[in-house]
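Take 14 as the starting number for the sequence shown in our numbering and just add one per residue.
We put the beta carbon where it would ideally sit given N, CA and C, even for glycine.
For clarity, every value in this text was computed on a predicted model and none was experimentally measured.
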Amino acid sequence: MEYQYLIVERRERVGLIQLNRPKQLNALCDALVDEMVAALDDFEADDGIGAIVITGSEKAFAAGADITAMKDFSHMDAYRGDYITRNWERVKTCRKPVVAAVAGYALGGGCELAMMCDFILAADSAQFGQPEIKLGTLPGAGGTQRLPRAVGKAKAMEMCLTGRLMNAEEAERAGLVARVVPAASLLEEALATAARIASFSLPVVMMIKEAVNRSFESSLQEGLLFERRSFHASFGLEDQKEGMAAFSEKRPPEFRHR
Ligand code: CO8
């Protein structure tokens, strides 16, 4: 497929999606999101891909939903078109791990997109924020829901109510990002991290992703039960036999189902 707003590449077992609408700081228009969904569909269906990285440019991961495209919407336009939320959740429903590699601005929908990914690696230049209040609106793709889960109520409330930005160092301290790396090595680090994930048994990777996500949707007891059942199920996998045999034989495992 030809992409207008993305650069999509395969780096061995890692699928790389680079948002590429530089003049608008990767503002998330419908066409860009549609392309991102198509790229995710392709990578999800491709047995040769074990993990996915979504990144932007040096200046912006994404500066939010496209304000120019939505500024004249009526309530009916937004509601009937299910603006934005229509297909954004595809990032979340992807069963393979998705890593956000964020440099520069991740604002509004950009911050929400990063938070939909499984975890965020941030360049030291990254800035996160939900500045919708300054536009007379509010976050619409998870900012008021995922941000408090990531950084706690106080910081999330303050950010959403004031529109202030959080830098990479604070974001790491607050638990919004997994790790901060120098801007120059962000992509390399993100690809290496995704490649490591993709080197493991894919069914196990998917089970782990599912189990961690379950912790946000269930009581502790239910989550623990889900985890235990998945753990039991892993003993039905050839890769579990290989992983444990390799440990006993003091050799690296060769997972077949990658
Ligand atoms: N939408 C459309 N165009 C944008 C956006 C955007 N979100 N952000 C930047 N641009 C455009 C600018 O208009 C400008 O275009 P032009 O050159 O034609 O004037 C170009 O990108 C460069 O921007 P700036 O000149 O402003 O660059 P600066 O370096 O001076 O500033 C900032 C960078 C601080 C990022 C600034 O551009 C800015 O504040 N942008 C808007 C950030 C924002 O408010 N984001 C939230 C948008 S609303 C939103 O995301 C709602 C989400 C809820 C829906 C659910 C999911 C999306």
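By the C-beta density criterion, residue 92 is exposed, having fewer than 16 other C-beta atoms within 10 angstroms. In the DSSP assignment, residue 190 falls outside any alpha helix (DSSP H), carrying neither H nor E. Under the three-state reduction of DSSP, residue 67 is assigned to strand. Remark: the C-beta of residue 139 is outside contact range of ligand 1, defined as less than 7 Å to any heavy atom.
Bounds of the alpha helix (DSSP H) holding residue 48 are 43 to 58.
The residue among 133, 132 and 63 with its C-alpha nearest the C-alpha of residue 210 is 63. Distance from residue 128 to residue 155 at the Cβ level is roughly 6 Å; contact confirmed, criterion being Cβ atoms closer than 8 Å.
Just so you know, the alpha carbons of residue 169 and residue 16 end up roughly 35 Å apart. Spatial neighbours of residue 58 in its own chain (CB-CB distance under 6 Å, excluding positions within 5 residues in sequence) are not present.
Residue 144 is classed as buried because its beta carbon has at least 16 other beta carbons within 10 Å across all chains shown. Cβ neighbours of residue 94 within its own chain (closer than 7 Å, five residues either side excluded): none.
Under the DSSP assignment, residue 28 falls in the beta strand (DSSP E) whose first and last residues are 27 to 32. Checking the 7 Å criterion, the Cβ of residue 43 is out of range of every heavy atom belonging to ligand 1.
Residue 159 is classed as buried because its beta carbon has at least 16 other beta carbons within 10 Å across all chains shown.
The alpha-carbon of residue 256 is positioned some 13 Å away from that of residue 218.
For residue 141, the enclosing beta strand (DSSP E) covers residues 140 to 142. By the C-beta density criterion, residue 141 is buried, having at least 16 other C-beta atoms within 10 angstroms.
Residue 28 and residue 48 have their C-alpha atoms some 14 Å from each other. Restricting attention to 251, 270 and 149, the CA atom closest to the CA of residue 83 is found in 149. Taken through DSSP and simplified to helix, strand or coil, residue 258 comes out as helix. Taking a C-beta distance under 8 Å as the contact criterion, residue 119 and residue 199 do not qualify as a contact pair.
Of all alpha-carbon atoms in 239, 42, 185 and 134, the one lying nearest the alpha-carbon of residue 100 is that of 42. At a threshold of 7 Å, residue 105 does not count as near ligand 1, since its beta carbon sits no closer than that to any of the ligand's heavy atoms.
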